[in-house]
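**Student:** Here the protein sequences line up with chains D and B, keeping their order.
The first sequence: position 198 = 198 (my numbering), numbered continuously.
The second sequence: position 280 = 1280 (my numbering), numbered continuously.
I am attaching a structure below and will ask some questions about it afterwards.
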Amino acid sequence: MPHLENTVLCRESQVSTLQSLFGERHHFSFPSIFIYGHTASGKTYVTQTLLKTLELKCLCKTGWKNSTFHCDRSVFLVFFLQAVLNFPKYCEPVVKGEANERDTRKLWRNIEPHLKKAMQTVYLREISSSQWEKLQKDDIDPGQLKGLSAYTHVELPYYSKFILIAAYLASYNPARTDKRFFLKHHGKIKKTNFLKKHEKTSNHLLGPKSFPLDRLLAILYTIVDSRVAPTANIFSQITSLVTLQLLSLVGHDDQLDGPKYKCTVSLDFIRAIARTVNFDIIKYLYDFL
Amino acid sequence: MKSETEQLQEELNKNLFDNLTEFLQKSHSGFQKNSRDWSCQIKLREIPVAALVLGVNVTDHDLTFRSLTETLQNTVTPYVVSLQAKDCPDMKHVLQKLASQLVDCGVDIKSNEEERTQVSQKREYCSMDFLSSWYRNVTQKKIDPKLPSKKRAWSGQWQSPPVVLILKDMESFTTKVLQDFIIVSSQHRHEFPLILIFGIATSPIIIHRLLPHAVSSLLCIELFQSLSCKEHLTTVLDKLLLTTQFPFKISEKVLQILTNIFLYHDFSIKNFIKGLQLSLLEHFYSQPLSVLCCSLPEAKRRINFLSDDQCENIRRLPSFRRYVENQASEKQIALLTNERFLKEEAQSLLENLHVYHTNYFLVLRCLHKFTCSLPKYPLGRQIRELYCTCLEKDIWDSEEYASTLQLLRMLAKDELVIILEKCFTVFKSSSGKQFGSTAQRIEDFLAQFQSLDAEAREEEDASGSQPKGLQKTDLYHLQKSLLEMKELRRTSKKQNKFEVLRDKVVDFVDSLVREFLLPPETQPLHEVVYFSAAHTLREHLNAAPRIALHTALNNPYYYLKNEALKSEEGCIPNIAPDICIAYKLHLECSKLINLVDWSEAFATVVTAAEMNASSTASEEMDEIIHARFIRAVSELELLGFIKPTKQKTDHVARLTWGGGC
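If you want it as structure tokens, here you go:
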């Protein structure tokens, strides 16, 4: 559309980007687009012109200062091409007759906390849109509804927890330090200056390393208080943990000889699990020595 | 007992399934409405998803999914498909599997031969368009009344029922496949109404980990949680063991083993029930008197048909012997010689056993109500822990019981009243006459508590009319008066009415416990219904493959039962299988084993055996022995005891520890 570039001078790149985003009329389009930039750089004008030309429905909001973005000076334009969820709430004061349509500031103040909550829940797909609508109808505080992220707790059997802890220790401790942590009479490891210089990076930053099965079992038998009989149940639990994606198998599936594993859980998760069995895992980690 | 477990399973899942069907029906009705309202249009583009969090016991999920499929097929839609991650490495396989299963579902409804052949031709090439057109054909054809259709409850509710896809193990799916599938399906939602069910084992966070925000915004996810496995276990125990409906019981050690496997190793209810079945089998197999372990009237009838051998068996039971010793001498003689008398006595003893169990469980439940809410749970929080403790020994001797009673004497009034009411319902629900008086006493206690309340209120009103004058006092006088009050409280232990009543209640409970919660070993004929061979169970359930291997190789008599193979410790019988000989020889070596030495030792042992048969030392014999040695060594390598090493030529490294030479 050549005449568009003429209406908005020197903005060809922005216009063409926006056009490609909107696409043709029958394409499925993006539900929301964020456009950011400094104040008075003409975002509103450009987009409004483009929209008028393409005759698309939109809701414009300017001047959104949101503390979650930590940017006081910038001004964000948000298009709610799909503002079905928030539009009724936004229009509420108008319907109630509290403010007229021009009074954008008042409307904004009404909707801001609502939008904040929406950001945390629906936009992150913590809860579904139908649940959100139900919430709005019943006017319950959205804080009560537990979104998907609230359910992080996984209940594991007793020995499986220890297998996971042993796997974590095997992944994040170098093999040569095992003697120091798990033997009763060990020598001290002398950290020479040379080593200190070259071991600045903690293992936690480098990610988990792979370890053979024997090492896992050796550490497991050391850290469990009572005697653990090496029954088939322990071995099948290791495979279950792999199915649950808490451990992962490194190398080929068919390699029966020396299977290698890697622990894929985070430090917070393993600390929570260790706490439930009264095991102080920080004491056994090389990085926290 | 099997039907009881299945019924239990259904009941427990019922709640979850009801919620799920409701959700499915609600989300699909939006599709049916086909309104012009733009909010509905937008929601139409989202695929409704039910995220089912099932728990870590993956072995039990299979059963749950099967019953879920059946329920859904009966209520919501016949088009229910399940997929597993290992069948779906990429998009093509997903669509193929989906199409083939759907067509099978569809063919069930209308037994139309032409349909089947037509569709099977297209099985090679599947795409979303094919699925949409298939769906359109199928739903349009349903209007035709001439075609015979199977009677299903849902038929007629919807003209175009949704297609439900169950992903059984969400964690194992690759991100790419899932993403692609969701994006493509959401584009085709208006012609192919798909509803997804995610079977999640760990936590719903996995959805965020597997799917980026762009894709999860195409989904409308609702969370459903199934019952926690520990609660499931409690219900199973309740219904199967803590009841007089099934006469079979297990002893404390066996129960400990089964619950330990459940709690320590896997949270699998299926394995627990298998363990129970195994103990049932073992009991019926090893105990000849278990023929009497059935319902009471049937048992009485069977006693009359007992043979003389069986009567001898009864006489030999230790609990029966103890019982006989306590009887008068004429009765003793009669029991030991007269069959008729013995049988009558046995019948009455069985009846007593039944009554004992009824009382036992009632009082157990009552005690559990008292102890389940105490701080620090001295007797355990769950009824199964309490049951284990009671089975083991006299519970009133234990320290935990003493501390429980102490804590009970400090209970507050309203808590006590609540607990008493619960116990009252427990006793009331039992049909036995002997607990009528107990229930009555509890009722009396409750009434007394209530009257106490009224009295206390009266006293307050009375004393309110005389306000005590508080004089101004300084620190010294205040201290003195406080010390005096403390002295007073210590010396005069006068309790108020509530405390007196509370003590009475606690003593009453104590008396009930002492009377009825005797451990089962004190009851005569308990061996008939109790299974207590814990070691056999442990052998069967706790498989230790390495130990089994070692036993087999070291001591082949254990498995082969060949008398000639019996040997003492340290000796190698000459006729043992080759691999045993090689194994025993290698045990004597240290880390690196010289193959030549080993083969010579092997040859010596083997030829010593054959020396008796024929003393021809021919070349052929050597060759054969050599071949046997090589075979034994490669078998040991396969089993993982040795492995070839490059450290020294002609040596193998030993992979297990042991004594060295």
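The beta carbon of each residue, even a glycine, is placed where N, CA and C say it ideally should be.
Please confirm whether H252/D has its beta-carbon closer than 8 Å to some beta-carbon of chain B.
**Tutor:** As a working note, residue 252/D is residue 252 in the first sequence. H252/D does not count as touching chain B.
**Student:** Closer than 8 Å, CB to CB, is P230/D near chain B or not?
**Tutor:** The residue given as residue 230/D occupies position 230 in the first sequence. Judged by the 8 Å Cβ criterion, P230/D is in contact with chain B.
**Student:** Are there 16 or more other CB atoms within 10 angstroms of the CB of S1373/B, so buried, or fewer, so exposed?
**Tutor:** The count along the second sequence starts at 1 and reaches residue 1373/B at position 373. Under this definition S1373/B is an exposed residue.
**Student:** Buried or exposed for R1322/B, going by 16 or more other Cβ atoms inside 10 Å?
**Tutor:** Position 322 of the second sequence, counted from the first residue, corresponds to residue 1322/B. With fewer than 16 other CB atoms across the displayed protein chains lying within 10 angstroms of its CB, R1322/B is exposed.
**Student:** What separation, rounded to the nearest whole angstrom, lies between the Cα atoms of Q1256/B and A1412/B?
**Tutor:** If you number the second sequence from 1, residue 1256/B lands on position 256. If you number the second sequence from 1, residue 1412/B lands on position 412. The alpha-carbon atoms of Q1256/B and A1412/B are separated by roughly 34 Å.
**Student:** Starting from N1074/B, follow its DSSP beta bridges and name the residues at the other end.
**Tutor:** What you label residue 1074/B is simply residue 74 of the second sequence in a count that begins at 1. Residue pairing for N1074/B: DSSP places it in no beta bridge.
**Student:** How long is the line joining the alpha carbons of A175/D and Y168/D, rounded to whole angstroms?
**Tutor:** Locating residue 175/D in the first sequence gives position 175, where the first residue counts as 1. Locating residue 168/D in the first sequence gives position 168, where the first residue counts as 1. Distance between the alpha carbons of A175/D and Y168/D: 12 Å.
**Student:** Quick check: the region 1441-1449 of chain B against the region 1529-1539 of chain B, are there 3 or more CB pairs under 8 Å?
**Tutor:** Note that the region 1441-1449 of chain B does not touch the region 1529-1539 of chain B; fewer than 3 beta-carbon pairs, one per stretch, sit closer than 8 Å.
**Student:** According to the Cβ coordinates, are V1058/B and S240/D closer than 8 Å?
**Tutor:** Residue numbering aside, residue 1058/B sits at position 58 when the second sequence is read from its first letter. Residue numbering aside, residue 240/D sits at position 240 when the first sequence is read from its first letter. Cβ distance < 8 Å, so V1058/B and S240/D count as in contact.
**Student:** Taking the alpha-carbon of K1420/B as reference, which of F1341/B, E1527/B, K1486/B and V1509/B has the nearest alpha-carbon?
**Tutor:** On the second sequence, residue 1420/B is found 420 positions in, with the first residue counted as 1. Checking the sequence, you will find Leu at residue 1420/B rather than Lys. Checking every option, the nearest Cα to that of L1420/B belongs to V1509/B.
**Student:** Between which two residues does the beta strand (DSSP E) containing V250/D stretch?
**Tutor:** Against the first sequence, residue 250/D aligns to sequence position 250. L247 to V250 is the span of the beta strand (DSSP E), which, as asked, contains V250/D.
**Student:** Please check the pair F1361/B and L1242/B, which I expect to be a contact at CB under 8 Å, by giving their CB distance rounded to whole angstroms.
**Tutor:** Within the second sequence, residue 1361/B is the residue found at index 361, counting from 1. Within the second sequence, residue 1242/B is the residue found at index 242, counting from 1. About 5 Å separates the two Cβ atoms, so the contact holds.
**Student:** Could you tell me the distance, in whole angstroms, from the CA atom of L289/D to the CA atom of L213/D?
**Tutor:** In the first sequence, residue 289/D corresponds to position 289, counting from 1. In the first sequence, residue 213/D corresponds to position 213, counting from 1. Approximately 25 Å between the Cα atoms of the pair.
**Student:** Which class does F269/D belong to by DSSP, given the choice of helix, strand or coil?
**Tutor:** Along the first sequence, read from residue 1 onward, the residue named residue 269/D stands at position 269. Helix, per DSSP.
**Student:** Measuring CA to CA, which of K1376/B, I1575/B, H1354/B and E1619/B is closest to F1516/B?
**Tutor:** Along the second sequence, one-based indexing puts residue 1516/B at 516. The residue with the shortest Cα to Cα distance from F1516/B is H1354/B.
**Student:** For I1261/B, which residues in chain D fall below 8 Å Cβ to Cβ?
**Tutor:** Position 261 of the second sequence, counted from the start, is the residue given in the question as residue 1261/B. Those are N233, listed as they occur along chain D.
**Student:** Drop a sphere of 10 angstroms on the beta-carbon of T1522/B, count the other beta-carbons inside from all chains shown, and report buried for 16 or more, exposed for fewer.
**Tutor:** One-based indexing of the second sequence puts residue 1522/B at position 522. By the neighbour-count rule (16 or more Cβ atoms within 10 Å), T1522/B is not buried but exposed.
**Student:** What are the partner residues of C1294/B, as DSSP defines its beta bridges?
**Tutor:** For this step, residue 1294/B is matched to residue 294 along the second sequence. Per DSSP, none; premise fails for C1294/B.
**Student:** Below 7 Å on C-beta distance, what does Y158/D contact in chain B?
**Tutor:** Numbered from its first residue, the first sequence carries residue 158/D at position 158. Result: L1263 and Y1264.
**Student:** Find the residues of chain B that neighbour L244/D, judging by a C-beta separation of less than 7 Å, and give them in chain order.
**Tutor:** Position 244 of the first sequence holds residue 244/D. In chain order: V1056, E1171, A1201 and T1202.
**Student:** What are the boundary residues of the beta strand (DSSP E) that K262/D is part of?
**Tutor:** Position 262 of the first sequence, counted from the first residue, corresponds to residue 262/D. Run containing K262/D: K260 to C263, per the beta strand (DSSP E) assignment.
**Student:** Give me the Cα-Cα distance between S16/D and A1214/B, rounded to the nearest whole angstrom.
**Tutor:** Sequence index remark: in the first sequence, residue 16/D carries index 16 (1-based). Sequence index remark: in the second sequence, residue 1214/B carries index 214 (1-based). So the two alpha carbons sit approximately 23 Å from each other.
**Student:** Where S1348/B and A1299/B are concerned, what is the direct C-alpha to C-alpha distance, given to the nearest angstrom?
**Tutor:** In the second sequence, counting from the first residue as 1, residue 1348/B sits at position 348. In the second sequence, counting from the first residue as 1, residue 1299/B sits at position 299. The alpha-carbon atoms of S1348/B and A1299/B are separated by roughly 11 Å.
**Student:** On a Cα-Cα basis, can you pick out the residue from T1607/B, V1633/B and S1132/B that is closest to M1621/B?
**Tutor:** One-based indexing of the second sequence puts residue 1621/B at position 621. Checked all of T1607/B, V1633/B and S1132/B; the closest Cα to M1621/B is T1607/B.
**Student:** Is S240/D close to chain B, meaning its C-beta is less than 8 Å from at least one C-beta of that chain?
**Tutor:** By one-based count along the first sequence, residue 240/D stands at place 240. Interface residue, yes.
**Student:** Give me the DSSP bridge partner(s) of N1594/B.
**Tutor:** Within the second sequence, numbered from 1, the residue matching residue 1594/B stands at position 594. N1594/B pairs with H1651/B.
**Student:** Looking only at C-alpha atoms, which of V1053/B, Q1007/B, R1384/B and V1080/B sits nearest to E1171/B?
**Tutor:** Here residue 1171/B is taken as the residue at index 171 of the second sequence, counted from 1. Among V1053/B, Q1007/B, R1384/B and V1080/B, the Cα nearest to that of E1171/B belongs to V1053/B.
**Student:** Using the rule of at least 16 other Cβ atoms within 10 Å of the residue's Cβ for burial, across every protein chain shown, is T1551/B buried or exposed?
**Tutor:** Looking up residue 1551/B in the second sequence gives position 551. T1551/B should be labelled exposed.
**Student:** Give the secondary structure of P212/D by DSSP, where H, G and I count as helix, E and B as strand, and everything else as coil.
**Tutor:** As a first step, residue 212/D must be located in the first sequence, where it is residue number 212. DSSP places P212/D in strand when its eight states are reduced to three.
**Student:** I want to verify the contact list: residues of chain B whose CB lies under 8 Å from the CB of V154/D, in sequence order.
**Tutor:** Residue 154/D sits at position 154 when you count from the first residue of the first sequence. Those are V1056, T1202 and S1203, listed as they occur along chain B.
**Student:** Is N1555/B close to chain D? Criterion is C-beta to C-beta, closer than 8 Å.
**Tutor:** On the second sequence, residue 1555/B is found 555 positions in, with the first residue counted as 1. Answer no: the Cβ-Cβ gap between N1555/B and chain D never drops below 8 Å.
**Student:** Please report whether the beta-carbon of Q14/D lies at a distance below 8 Å from any beta-carbon of chain B.
**Tutor:** For this step, residue 14/D is matched to residue 14 along the first sequence. No, its Cβ sits nowhere closer than 8 Å to a Cβ of chain B.
**Student:** Within a Cβ cutoff of 8 Å, which residues of the same chain sit near L156/D, ignoring the five residues on either side of it in sequence?
**Tutor:** Looking up residue 156/D in the first sequence gives position 156. Correct list, in chain order: L164 and I273.
**Student:** Could you compute how far the alpha carbon of F1602/B sits from the alpha carbon of L1585/B?
**Tutor:** Here residue 1602/B refers to the residue found at position 602 when the second sequence is read from its first residue. Here residue 1585/B refers to the residue found at position 585 when the second sequence is read from its first residue. Answer to the nearest angstrom: the Cα atoms are 8 Å apart.
**Student:** Let me know the secondary structure DSSP gives K1376/B once reduced to three states.
**Tutor:** As a working mapping, residue 1376/B is identified with position 376 in the second sequence. Correct three-state label for K1376/B: coil.
**Student:** What's the C-alpha gap between G1380/B and E1487/B?
**Tutor:** By one-based count along the second sequence, residue 1380/B stands at place 380. By one-based count along the second sequence, residue 1487/B stands at place 487. Rounded to whole angstroms, G1380/B to E1487/B spans 38 Å at the Cα level.
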